[in-house]
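Asker:
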Amino acid sequence: MTVKIDDPTLSIPAERRALLRPALEWIARRAEPLAITLGAILAGTALFSLFILAVGKSPTDLYRLMYTGGFGSWFSIQNSLSRASPLLLTALCVALPARLGLIIIGGEGAVVLGGVAAAAIALPIVGLLPPIITLPVMALAAMVIGGIWIGLSGFLRHYRGVNETISSLLLAYIAIALMNQFVEGPLRDPASLNKPSTRPLPHDYMLGSIPGMDVHWGLVIGIVACIASWILIEMTSHGFAARIAGGNVRAAQIQGLPVGRLITGFTAIAGSFAGLAGMIEVAAVQGGANASLAAGYGYTGILVAFLARHNPLAIIPVAILLGGINASGGLIQRRMGLPDATVLVLQGTLFIVILFCETLYGRFKIFNPDLWKRST
Amino acid sequence: MEDTAIGLWGVPLAIFAGAIRVSTPFIFVSLGETITERSGRINLGLEGTLVFGAMTAYAIAVLSGSAWLGVLAAMATGAVFGTVHGWICKWPKVNDIAIGIAMMQFGLGLAFFLGKPFIQPVAPHLPAIPFGFWSNLPPVEAALNINILFILGGALAVILWWALKNTRIGLVLRVVGDSTDAARAMGINPDRVRLLATAVGGSLAAIGGAYLSLYYPGSWNERISSGQGLMAVALVIFARWNPIGCFVAALLFGGAGALGPALQSVGVTQGYYLFYAAPYVLTLVIMIITSSPTRALAGAPGALSLTK
Chain A
-11 MTVKIDDPTL SIPAERRALL RPALEWIARR AEPLAITLGA ILAGTALFSL
39 FILAVGKSPT DLYRLMYTGG FGSWFSIQNS LSRASPLLLT ALCVALPARL
89 GLIIIGGEGA VVLGGVAAAA IALPIVGLLP PIITLPVMAL AAMVIGGIWI
139 GLSGFLRHYR GVNETISSLL LAYIAIALMN QFVEGPLRDP ASLNKPSTRP
189 LPHDYMLGSI PGMDVHWGLV IGIVACIASW ILIEMTSHGF AARIAGGNVR
239 AAQIQGLPVG RLITGFTAIA GSFAGLAGMI EVAAVQGGAN ASLAAGYGYT
289 GILVAFLARH NPLAIIPVAI LLGGINASGG LIQRRMGLPD ATVLVLQGTL
339 FIVILFCETL YGRFKIFNPD LWKRST
Chain B
76 MEDTAIGLWG VPLAIFAGAI RVSTPFIFVS LGETITERSG RINLGLEGTL
126 VFGAMTAYAI AVLSGSAWLG VLAAMATGAV FGTVHGWICK WPKVNDIAIG
176 IAMMQFGLGL AFFLGKPFIQ PVAPHLPAIP FGFWSNLPPV EAALNINILF
226 ILGGALAVIL WWALKNTRIG LVLRVVGDST DAARAMGINP DRVRLLATAV
276 GGSLAAIGGA YLSLYYPGSW NERISSGQGL MAVALVIFAR WNPIGCFVAA
326 LLFGGAGALG PALQSVGVTQ GYYLFYAAPY VLTLVIMIIT SSPTRALAGA
376 PGALSLTK
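So the sequence lines, in the order shown, correspond to chains A and B. Start counting the first sequence at -11; every next residue gets the next number (my numbering). Start counting the second sequence at 76; every next residue gets the next number (my numbering).
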C-alpha cells in the first residue's frame, strides 16, 4: 500500500503514517455509526426537552428521575434488566430479517402466540413431568409457532411477492384474535373472572431468577440469543449469504445462493426468538397466558433494532437503555404528575431523530478514509 | 317484538349496517394513503395520525362545543404530521417505511400524553341522516342512520377518481409517482409534490380518527383504533391505488368486521373472537392471491418502495 502525503506540517514520517493508516481507517469506519447515533440521541433528547418545557415541566428533573428510576439503585437496575429481556428477543426479530432487507413489524404476533403455545403445552404435562423437561418443551413450542408465524411472512415475500411489512402486521392482528379465542375459550381458567387467563403454572414450574439477583433467566437467554445471532451473521457463510441477498437479490441469485431458503430461514429464526420472548413472559412473569402478552414488546423491539442499526451485539445495551426508560415511567408519573405516555413520546422522538440521521452517513469526511487523501 | 320481526334477516342487515358504520375511517385513511402512494411515497405513520386526529377532534369538540370544529382541527394536525413525514423522507438514505413506524409510535405517544384529560368529558357527536325514516322497524331505522362523513367519503372517492384521471394535478401526481426522473424532466419538483401529497394524506387520515372519537364508537380512549390506520395501507394495495376501489374495499372490511357481532346477536357465539380476525385474514388472502413474485402489482406507482 503506497500512500502519498504531501503535507509538510505533519511531524510523523510518511512511512510511519502508512503503517498507522489501516488502524486509523478501522477506527474511523467504526466511529461513524457510534458518533452519529450518539449525536442523534443527544438531538432527540434536546427536542424532547423542548416538549417538556412546553408543557411546563423541568427537563432536568425529568432526566434525573429517569436515571433514578432506571439505573439509580440496584433495585431499579434489576427492574430495567428484567424489562430489557423481552426487548432483546423482539429486537432480534426485526434485526435478523433486516440483514436481508426485510422490514418485519409484526413481532408482537409471534410473542403472543409463543406465550399461548407455551401455556397450552405446559398445562397438560405439568405434574407428570419435572420442570427441567417441561420448560424446554415450552420454549420449543413457542419457538416453533413463532418461527412459523414470522417465517410465513418471509416465505410469502419471496414466493408470492407479498410485502413482508404488511403481511407480518396482518398476522400480528390475527395472532391476537387467536390468543383471545384460546384464552377466552378452550384454555380459559374458570377461576379467572375479570381477566381471562389460562390456569396458572405451579410456582416450581416457573422460570426462576438468576442467582443473587432479582432478574429472571430471560435476560441470560436474551443475551445468549443476541450473541448467537451475531455469530450467525458475522461468522457463518449463511450470514454472509444473507448480507449479499440483502444488498442485491439478483446478484445473489446469479451467484447461485438459495435466496428463498435464506429469507424463509432467517425470518423463521427471527420469529422463533420473538416466540421465545412470549414463553419467557408466561413462564417468568405472568405465570399463564393472557391478554397482557400483547404488551407492545414487539413494537418497542422495532425501535431497539433500528437504534442498534440491526447489530445483534448493539441490541444488548440499547435494550437495557430502553428497558430503563420504560422502568422509570411509573416514577415520572408519580413524582412529576406527567402521564405514563411520557416515555412513549420520548421513544417516538428518539426513533424519528435517529432514522432521520441516517441521512448523515457518508457526509463527514473524517469518517471516510477514501476521502482523506483529497482533503489533505 | 320488533327485534324478532325480521328474524334471521337481522344478520345481513347487521352486516350492512356494520359495514357502513365501521368503514368510514377506512375510507378516509385509504383515500389519504392513495394520494400519498400515488406520489411514490408510503406513509405507515397514518395509524398515529388517525389516533392523534381522534384525540384532537374530541378535545376541540369538548372545548368548543362543535363537532365540526373538532374535525377541522384534526385535519390541521393530520396535515402537520404528514408534512413532518414528507419533509423527513425527502432526505437521501431515509427509509420512508421505517420513518412511518417511528411517526406512528410518536403520534400514539403524543395522543395518549395530551389526551389524558379528555377521557372523562363528553363531546358533542357528529350528526347522522336518518335514511330509515320510512321503516317502522327499529333495526332497519338504526341501520340506515348514516353519518354525513360516510357520504362525504363516498363523494370524495368519486371526485378523487375523476381528478386523478382528468386534471392537471392528477397528472402531476401520477408522473411523480411513476418516475422521479420523468417528473424532473417535466420541470416538476418531486419533493414538493410528495410533501403536499403526504400532508393531504395525513389530513384525510385524521378525519377518519375524528369519526372514531366523534361518532362511532364515539368517545376518546387509548384503545380507540385497532389498527385501522395500518390496515388502510393493505387496503390501498388491495384496491390497486384506485379511489373507487378504496371505497368498495373499505365497505368489505367494515362488513367483515361486523360479521362477529352480527352472528353473536342471533346466538352464534362459537369462535366469537376469531371473527375479529376476519378483515385481517381477508386482506392477507387477497394479497396472497393477487401478488406475484415476478412482476410489480398492476396499477402500482413505479417509484413506490413498497412494491419493488
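Backbone N, C-alpha and C fix where the C-beta goes; we use that ideal spot for every residue, glycine too. Predicted model only: the values in this text are computed from it and were never measured.
#1: Can you list, in chain order, the residues of the segment 122 to 147 of chain A whose Cβ is nearer than 9 Å to any Cβ on chain B?
#2: Check the Cβ of M178 (chain B) against every Cβ in chain A and list those closer than 8 Å, keeping chain order.
#3: Measure the alpha-carbon distance for N278 (chain A) versus M167 (chain A) and round it to whole angstroms.
#4: Quick one: is F63 (chain A) buried, meaning 16 or more other Cβ sit within 10 Å of its Cβ, or exposed?
#5: Could you give the C-beta distance for I223 (chain B) and L201 (chain B), rounded to a whole number, given that I count them as a contact under 8 Å?
#6: Just checking: is the beta-carbon of S366 (chain B) within a distance shorter than 8 Å of some beta-carbon in chain A?
#7: Taking 8 Å as the CB-CB limit, is P178 (chain A) close to chain B?
#8: Please report the straight-line C-alpha distance between V128 (chain B) and P192 (chain B), rounded to a whole angstrom.
#9: T25 (chain A) versus chain B: which residues are under 9 Å apart at the beta carbon?
#10: Just to confirm before moving on: does the CB-CB distance between G210 (chain A) and L77 (chain A) stay below 8 Å?
#11: Between the alpha carbons of G312 (chain A) and I304 (chain A), how many angstroms are there, rounded?
#12: Name the DSSP beta bridge partners of S37 (chain A), please?
#13: Could you check the C-alpha separation between V132 (chain A) and G207 (chain B) for me, to the nearest Å?
#14: Confirm, please, whether the CB-CB distance from A324 (chain B) to S46 (chain B) is below 8 Å.
#15: Run through chain B and tell me which residues come within less than 7 Å of I290 (chain A), C-beta to C-beta.
#16: Apply the 10 Å Cβ neighbour rule to E3 (chain A) and answer buried if 16 or more other Cβ atoms are within range, or exposed otherwise.
#17: Hey, quick one: how far does the beta strand (DSSP E) through I204 (chain B) stretch, first residue to last?
#18: In chain A, which residues lie less than 8 Å from V308 (chain B) when you measure between Cβ atoms?
#19: For V150 (chain A), which residues in chain B fall below 7 Å Cβ to Cβ?
#20: Would you call the segment 251 to 266 of chain A and the segment 124 to 144 of chain A in contact, with 3 or more CB pairs under 8 Å?
#21: Which same chain residues end up closer than 8 Å to T79 (chain B) when comparing Cβ atoms and leaving out the 5 residues on each side of it in sequence?
#22: Going by beta carbon distance, what residues of the same chain come within less than 7 Å of M179 (chain B), once the five residues before and after it are set aside?
#23: Using the beta-carbon count (16 or more within 10 Å), is T122 (chain A) buried or exposed?
#24: Determine the contact status of L75 (chain A) and V292 (chain A), defining contact as a CB-CB distance below 8 Å.
#25: Looking at the strands, I want to know which residues DSSP matches up with I221 (chain B).
#26: Step through the CB atoms of chain A and report whether any lies within less than 8 Å of the CB of K242 (chain B).
#27: Does the segment 339 to 349 of chain B come close enough to the segment 158 to 176 of chain A that 3 or more CB-CB pairs lie under 8 Å?
#28: With a threshold of 8 Å between beta carbons, is Q169 (chain A) in contact with chain B?
#29: Please list, in chain order, the chain A residues whose beta carbon lies closer than 7 Å to that of A173 (chain B).
#30: Give me the chain A residues within the contact set of P167 (chain B), using Cβ-Cβ distance strictly less than 8 Å, ordered along the chain.
#31: Could you name the residues that DSSP lists as bridge partners for T186 (chain A)?
#32: Note down, in chain order, each residue of its chain lying with its Cβ closer than 8 Å to the Cβ of A331 (chain B), except the 5 sequence neighbours on either side.
Answerer: So, from the listed chains and residues:
#1: Answer set for the segment 122 to 147 of chain A: L144, R145, H146 and Y147.
#2: One-based indexing of the second sequence puts residue 178 (chain B) at position 103. Within 8 Å Cβ-Cβ: G336 and I340.
#3: Here residue 278 (chain A) is taken as the residue at index 290 of the first sequence, counted from 1. Here residue 167 (chain A) is taken as the residue at index 179 of the first sequence, counted from 1. It is roughly 8 Å from the alpha-carbon of N278 (chain A) to the alpha-carbon of M167 (chain A).
#4: As a first step, residue 63 (chain A) is located in the first sequence; it is residue number 75 there, counting from the start. Looking at its Cβ environment, which holds fewer than 16 other Cβ atoms inside 10 Å, F63 (chain A) is exposed.
#5: Sequence index remark: in the second sequence, residue 223 (chain B) carries index 148 (1-based). Sequence index remark: in the second sequence, residue 201 (chain B) carries index 126 (1-based). Cβ-Cβ separation between I223 (chain B) and L201 (chain B): approximately 7 Å, consistent with a contact (criterion under 8 Å).
#6: One-based indexing of the second sequence puts residue 366 (chain B) at position 291. Among the residues facing chain A, S366 (chain B) is included, as its CB has a counterpart in that chain under 8 Å away.
#7: Within the first sequence, the letter at position 190 stands for residue 178 (chain A). Not closer than 8 Å to any Cβ of chain B, the Cβ of P178 (chain A) fails to qualify, so no.
#8: Here residue 128 (chain B) is taken as the residue at index 53 of the second sequence, counted from 1. Here residue 192 (chain B) is taken as the residue at index 117 of the second sequence, counted from 1. Correcting the residue type first, residue 128 (chain B) is Gly in the shown sequence and not Val. Straight-line measurement puts the Cα of P192 (chain B) at about 16 Å from the Cα of G128 (chain B).
#9: On the first sequence, position 37 is the one that residue 25 (chain A) refers to. Going along chain B, no residue has its Cβ under 9 Å from T25 (chain A), so there is no contact; the nearest lies around 14 Å.
#10: The count along the first sequence starts at 1 and reaches residue 210 (chain A) at position 222. The count along the first sequence starts at 1 and reaches residue 77 (chain A) at position 89. Pairing G210 (chain A) with L77 (chain A) gives a Cβ-Cβ distance under 8 Å.
#11: The sequence position of residue 312 (chain A) within the first sequence is 324, counting from 1. The sequence position of residue 304 (chain A) within the first sequence is 316, counting from 1. In this structure, the alpha-carbon of G312 (chain A) lies about 12 Å from that of I304 (chain A).
#12: Counting from 1 along the first sequence, the entry for residue 37 (chain A) is found at position 49. Looking at the DSSP assignment, S37 (chain A) forms no beta bridge with any residue, so it has no partner.
#13: Position 144 of the first sequence, counted from the first residue, corresponds to residue 132 (chain A). Position 132 of the second sequence, counted from the first residue, corresponds to residue 207 (chain B). So the two alpha carbons sit approximately 52 Å from each other.
#14: What is shown of chain B runs 76 to 383, which leaves residue 46 (chain B) out entirely.
#15: As a position in the first sequence, residue 290 (chain A) is number 302, starting the count at 1. Near I290 (chain A) (Cβ distances below 7 Å), the residues of chain B are I176.
#16: As a working mapping, residue 3 (chain A) is identified with position 15 in the first sequence. By the neighbour-count rule (16 or more Cβ atoms within 10 Å), E3 (chain A) is not buried but exposed.
#17: Sequence index remark: in the second sequence, residue 204 (chain B) carries index 129 (1-based). From DSSP, the beta strand (DSSP E) with I204 (chain B) extends over A203 to P205.
#18: The sequence position of residue 308 (chain B) within the second sequence is 233, counting from 1. Taking the beta carbon of V308 (chain B) as reference, the chain A residues within 8 Å of it are I154, listed in sequence order.
#19: Reading the first sequence from its first residue, position 162 is the one you call residue 150 (chain A). Neighbourhood of V150 (chain A) in chain B, by CB distance below 7 Å: M362, I363 and S366, in chain order.
#20: A contact exists between the segment 251 to 266 of chain A and the segment 124 to 144 of chain A.
#21: Translated into the one-based positions of the second sequence, residue 79 (chain B) becomes position 4. For T79 (chain B), the pLDDT reaches just 49, beneath the cut-off of 50, and the residue's location in the model is therefore unreliable, leaving the point undetermined.
#22: Position 104 of the second sequence, counting from 1, holds the residue named residue 179 (chain B). Correct list, in chain order: L119, G120, E122 and G123.
#23: Stepping through the first sequence from its first residue, residue 122 (chain A) is reached at position 134. Counting C-beta atoms within 10 angstroms of its own C-beta, T122 (chain A) has 16 or more neighbours from the protein chains shown and is therefore classed as buried.
#24: In the first sequence, residue 75 (chain A) corresponds to position 87, counting from 1. In the first sequence, residue 292 (chain A) corresponds to position 304, counting from 1. Yes, these two residues count as a Cβ contact at 8 Å.
#25: In the second sequence, residue 221 (chain B) corresponds to position 146, counting from 1. In the DSSP output, where bridge partners are listed per residue, I221 (chain B) has B:I204.
#26: Taking the first residue of the second sequence as position 1, residue 242 (chain B) is located at position 167. The identity of residue 242 (chain B) in the sequence shown is Thr, whereas the question assumes Lys. So no, T242 (chain B) is outside the interface.
#27: In short, these stretches touch, since the Cβ pair count reaches three.
#28: In the first sequence, the residue the question calls residue 169 (chain A) occupies position 181. So yes, Q169 (chain A) belongs to the interface.
#29: Position 98 of the second sequence, counting from 1, holds the residue named residue 173 (chain B). Result: I91, F294 and L343.
#30: Stepping through the second sequence from its first residue, residue 167 (chain B) is reached at position 92. Under the 8 Å cutoff, chain A gives T347.
#31: Taking the first sequence and counting its residues from 1, one reaches residue 186 (chain A) at position 198. Per DSSP, the beta bridge partners of T186 (chain A) are A:R176.
#32: As a working note, residue 331 (chain B) is residue 256 in the second sequence. Cβ neighbours of A331 (chain B) beyond the five flanking positions: A353, P354 and L357.
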